[in-house]
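S.K.: For the sequence shown, the numbering used here assigns the number 174 to the initial residue and increments by one for each residue that follows.
Mind having a look at this structure? Questions to follow.
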Amino acid sequence: MTDQHTGPITGTITITRRGMGFISREEGEDIAIRPENTGVALNGDTVEAELIKAERGGFRPKPGAQRKEEGRVTRVLQRARTDFVGTLNCTPAPKGRVCTLKADNPRVPVTFRIFTVPDDAASETKALVCWMENVGDEG
């Protein structure tokens with residue numbers, strides 16, 4: 174891993190089905206982002222990241238391939254999408270019920286907690302949610 178780049182890295186993150194991320198940047202090689210370092214970034218988001226010291230000698234995508242620099246997402250600059258379709262799951266709670274949405278897209282490895290759900294919404298049904306967040310929040 175080279176330490177020539179010292180400032181934040183900005184680029185678009187691509188997240189695989191297994192949760193591994195790669196940040197494409199205009200200059201230089203892609204940066205590998207392990208699942209535990211993606212923060213709140215989702216596939217296609219524009220993010221800011223920092224280089225980190227590679228674990229176990231660096232990420233190697235395929236046997237014999239050159240090791241990639243590794244990074245950690247520090248901030249989401251722009252969301253690629255804010256609407257997500259998935260399966261709604263509601264369970265009883267002491268004060269009403271708790272509902273979550275598991276996205277259908279395997280490149281969205283998060284479960285969304287839903288705060289406002291109609292009383293007649295059934296569990297295990299399809300739903301559309303809109304992610305409402307202040308862009309630029311820390312990851």
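Cβ coordinates follow ideal geometry from the N, Cα and C atoms, glycine included.
Predicted, not measured: the structure shown is a model, and the values here were computed from it.
Are the beta-carbon atoms of Val283 and Leu261 separated by less than 9 Å?
M.R.: Locating residue 283 in the sequence shown gives position 110, where the first residue counts as 1. Locating residue 261 in the sequence shown gives position 88, where the first residue counts as 1. Contact flag unset, no.
S.K.: Does the region 206–222 come close enough to the region 244–252 that 3 or more CB-CB pairs lie under 8 Å?
M.R.: Enough Cβ pairs lie closer than 8 Å, so yes.
S.K.: Using only CA atoms, which one of Thr255, Ala276, Thr183, Gly259 lies nearest to Ser197?
M.R.: Position 24 of the sequence shown holds residue 197. Cα-wise, what sits closest to Ser197 is Thr183.
S.K.: CB-CB under 8 Å to Glu223, same chain, minus the five flanking residues each way: which ones, in chain order?
M.R.: In the sequence shown, counting from the first residue as 1, residue 223 sits at position 50. Pro181, Ile182, Gly244, Arg245, Thr247.
S.K.: Can you tell me whether DSSP reads Pro291 as helix, strand or coil?
M.R.: Here residue 291 refers to the residue found at position 118 when the sequence shown is read from its first residue. Here DSSP, grouped into helix, strand and coil, assigns Pro291 to coil.
S.K.: Given a cut-off of 9 Å on the beta-carbon distance, is the pair Ile204 and Arg280 in contact?
M.R.: By 1-based counting over the sequence shown, the position of residue 204 is 31. By 1-based counting over the sequence shown, the position of residue 280 is 107. Not closer than 9 Å, so no.
S.K.: Buried or exposed for Phe288, please, with buried defined as at least 16 other CB atoms from any protein chain shown within 10 angstroms of its CB.
M.R.: To locate residue 288, count along the sequence shown from 1; it is residue 115. When all chains shown are included, Phe288 counts as exposed.
S.K.: Spatial neighbours of Arg286 within its chain, please: C-beta separation below 7 Å, excluding the five flanking residues on both sides.
M.R.: Numbered from its first residue, the sequence shown carries residue 286 at position 113. Counting only Cβ-Cβ distances below 7 Å, and skipping sequence neighbours, we find Thr273.
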